[in-house]
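In this note's numbering, the protein residues as written are 42 to 208. We put the beta carbon where it would ideally sit given N, CA and C, even for glycine. Please read all numbers here as calculations on a predicted model, not as lab measurements. Below: the structure, in structure tokens.
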Amino acid sequence: MIVSNVPNCAKNPELTALKKALVEVRSAHFTGLKLSRIVAYALGDGDATSRSTFESYGPSMTKPGERKPVSGWLPSAQYAERVDDASAALPKPKTKEAPASERWAIMSGVRPDGRAFAKAWKEGADAVTINVTKAHNEVHARLDAALQAQIWELERRAAAQEATCAA
Numbered sequence: 042m043i044v045s046n047v048p049n050c051a052k053n054p055e056l057t058a059l060k061k062a063l064v065e066v067r068s069a070h071f072t073g074l075k076l077s078r079i080v081a082y083a084l085g086d087g088d089a090t091s092r093s094t095f096e097s098y099g100p101s102m103t104k105p106g107e108r109k110p111v112s113g114w115l116p117s118a119q120y121a122e123r124v125d126d127a128s129a130a131l132p133k134p135k136t137k138e139a140p141a142s143e144r145w146a147i148m149s150g151v152r153p154d155g156r157a158f159a160k161a162w163k164e165g166a167d168a169v170t171i172n173v174t175k176a177h178n179e180v181h182a183r184l185d186a187a188l189q190a191q192i193w194e195l196e197r198r199a200a201a202q203e204a205t206c207a208a
């Protein structure tokens, strides 16, 4: 699935943050806690103080020229540490009793040739399947698919909102 450029992207900072997080996941420039902080920030995880510290100093949370982090902010999920935690980035249904058509499923693994893959899908009227075939490892593959699902949901909501406004 190719993530489209929706005109509302400039108006929607949440969508912009998710797309930036997806770029970081694919680049594997950051790993571990730094990548988890990038994803957590994009998903709105963390309190206002930790998020403003992130905005000021980036995922390393350190002032330029210093080694010690400004804050010990830890996201509620270590999105880039374990395969199961990478699934936390999947969109959540609005209620626990939501129909199956609002729920996302995800699977991932490593092929015999060593290539990691992941697949996220949603069934129902607005069925969609997201396949990730190129990733540095299984955690990154799963995180990539989960972030693409988040972006898809935001773009779908934005399109529905535009259609409602136009009507």
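Where residue i falls, given that 16 or more other Cβ within 10 Å makes a residue buried
| i | result |
| --- | --- |
| T94 | buried |
| D167 | exposed |
| E55 | exposed |
| K163 | buried |
| M148 | exposed |
| S91 | buried |
| K135 | exposed |
| V80 | buried |
| D96 | Reading the sequence as shown, one finds Glu at residue 96 and not Asp. Looking at its Cβ environment, which holds fewer than 16 other Cβ atoms inside 10 Å, E96 is exposed. |
For residue i, three-class secondary structure by DSSP
| i | result |
| --- | --- |
| A159 | strand |
| V124 | helix |
| S112 | coil |
| G150 | strand |
Nearest candidate by alpha-carbon position, reference residue i, set the options
| i | options | result |
| --- | --- | --- |
| T174 | I79, P100, E122, A161 | A161 |
| L121 | R183, A58, I192, G150 | According to the sequence displayed, residue 121 carries Ala and not Leu. Out of R183, A58, I192, G150, R183 has the C-alpha closest to the C-alpha of A121. |
| G73 | N53, S91, V111, L115 | L115 |
| S112 | Y98, F158, D125, S68 | Y98 |
| G155 | S142, E143, N178 | N178 |
| S142 | R108, N53, K109, T170 | T170 |
Cβ separation of residue i and residue j, assumed to be a contact under 8 Å, to the nearest whole Å
| i | j | result |
| --- | --- | --- |
| P100 | K75 | 4 Å |
| A127 | V180 | 5 Å |
| E194 | P132 | 4 Å |
| S117 | D86 | 6 Å |
Which whole runs of the beta strand (DSSP E) in the segment 162–205 are 3 residues long or more, in chain order?
169–173
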